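Quick note on this note's numbering: the sequence shown kicks off at -6 and runs consecutively.
The beta-carbon is built from N, C-alpha and C at its ideal position, and this holds for glycine as well.
Since we're looking at a predicted model, the values are computed, not measured.
As structure tokens, the structure follows; a few thoughts come after it.
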Amino acid sequence: MSSGTRHADTTPASDLLPAVPLLALDRQYAVLRDEIQAAIGRVCDSGRFVLGPDVTELEAELAKALDVPHVISCASGSDALLLALMALEVGPGDEVVLPSYTFFATASAVTRLGATPIFADIDPVTYLVDPADVRRKVSRRCRAIIPVHLFGRTADMDALLPIATEAGVPLVEDAAQSILSTWHGRCTGALGDIGCFSFYPTKNLGGAGDGGFLTTTRDDLAAALRLLRVHGMEPRYYHDLIGINSRLDSIQAAILRVKLPHLDAWTTQRQENAARYGELFAAYDLAGQVTAPTDEPRGRHVWNQYVIRVADGRRDELRRHLTGCKVGTEIYYPVPLHLQKCFAHLGWHKGDLPATEQAAEETLALPIFPELRADEQRTVVGRIAEFFGAGRKAARKPDSSRLPTPHVLRRAVGRADEVIS
Ligand SMILES: Cc1ncc(COP(=O)(O)O)c(C=O)c1O
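Take a look at the structure:
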């Protein structure tokens, strides 16, 4: 992440842009268009549409990029989690400890196998699963722990790995949002027993549809996963175990192979964007109203999402204001998993996981994609400052002509009110 020597360049309110998208996949496609079209054409010419040479090559390239011995591709990140738990023979009567503040798939993989998810609370600063709560919730029936490297930041593996070892249970990393993130120099996916990744288009390495992959350092699990993704079939039409159909399409693999060489540079751009937001929030003196996310000193944060916390119950009001200004935002996630209707039978109640519930009410994701421009980021933070009526720090920014004028602020408040009513 960049040093504090750079000064945030703030923008007069009158110069803010008319719109900033949450994500603009078209900008990435515009640069790679010819290569991607050629790759798709090559697959169509070959007539090999499922698994095949592009998939094998992609798996090898990912194994090298992540420095992990085994990569097994599959049809989605959700399937990766399911396959991981199948390979670990999780089933009815078993418990799996995981955060409630995550995407649905982390928990549904557990329930689909008849096992019970045991939800742990999060650290309110990192939004990642709280190891102390994981330790409390690991019982004799626990068969796996799934930390989620949420938003691109690695969970506290220094604390979690010993808990798994002491309990004698495997650790499955939900790394769907964290490709190329590290912990003390090692990539996520190579830290626990199995890593689960997603190629969903919003991910840092996104395909043109669904896709995913698993990583493992264990030869036995790699062999099991390769069988499970093809109905447990080996040789053809002979089934010693029951798997599922979860293969990666060749077209996806060919497109992902075009993108993979750019992933490291795209990740650096995400890190630079995160640093720029930090400078802008400081320049506008918004610390009382908005808590910016922190970087991870023990590893590389890959910023799949840039998620702020909004104080005083004003998150939804701020979001409506930003939507009115055509600034894209998203809430990850408005309802924690332990309070989802479909899990009501598990018996969790409001108040059971206070840090999780508070995060669900207060957090808001801002645009962070690699191609996001500095003037767009200035617009995002300028619009947030407009909402709160905040100006730039007087000491650092004596040029009051660049502050939002009372007139502009009045207009902004009026606009927010209009949207709310
Ligand atoms: C944390 C997390 N786990 C699992 C998944 C599931 O991945 P997919 O959408 O590829 O099934 C996602 C993707 O949205 C995710 O963000």
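The continuous beta strand (DSSP E) containing residue 110 extends over residues 109 to 113. Listed in chain order, the beta strand (DSSP E) runs fully inside the stretch 285 to 323 are 299 to 303, counting runs of at least 3 residues. When the Cα atoms are used, residue 370 and residue 383 turn out to be separated by approximately 16 Å. A Cβ-Cβ contact shorter than 8 Å links residue 200 with residue 192.
Where residue 190 is concerned, the enclosing beta strand (DSSP E) starts and stops at 187 to 191.
Counting only runs of 4 or more residues that sit fully inside the stretch 147 to 189, the alpha helix (DSSP H) segments are 150 to 160, in chain order. Remark: three or more beta-carbon pairs, one from each stretch, lie closer than 8 Å, so the stretch 89 to 108 and the stretch 70 to 77 are flagged as touching. Residue 60 sits exposed, since fewer than 16 C-beta atoms from the chains shown fall within 10 Å of its C-beta. Look at residue 88 here: in three-state DSSP terms it is strand.
In this structure, the C-beta of residue 74 approaches ligand 1 to less than 7 Å from one of its heavy atoms. Taking all protein chains shown into account, residue 308 has 16 or more neighbouring C-beta atoms within 10 Å of its C-beta and is therefore buried.
DSSP links residue 138 through a beta bridge to 90, 164. Between residue 221 and residue 236, the C-beta spacing is below 8 Å. Residue 95 and residue 149 have their C-alpha atoms roughly 16 Å apart. In terms of Cβ geometry, residue 14 and residue 375 do not form a close pair [threshold 8 Å]. In the DSSP assignment, residue 357 is bridged to 301.
In this structure, 143 is the residue among 332, 80, 143 with its C-alpha nearest to the C-alpha of residue 170.
The beta carbon of residue 217 is closer than 7 Å to those of 80 in its chain, skipping five residues each way along the sequence. Secondary structure in the stretch 201 to 272: the beta strand (DSSP E) runs of 3 residues or longer, each lying completely within the stretch, are 205 to 209 in chain order. When the Cα atoms are used, residue 232 and residue 357 turn out to be separated by approximately 47 Å.
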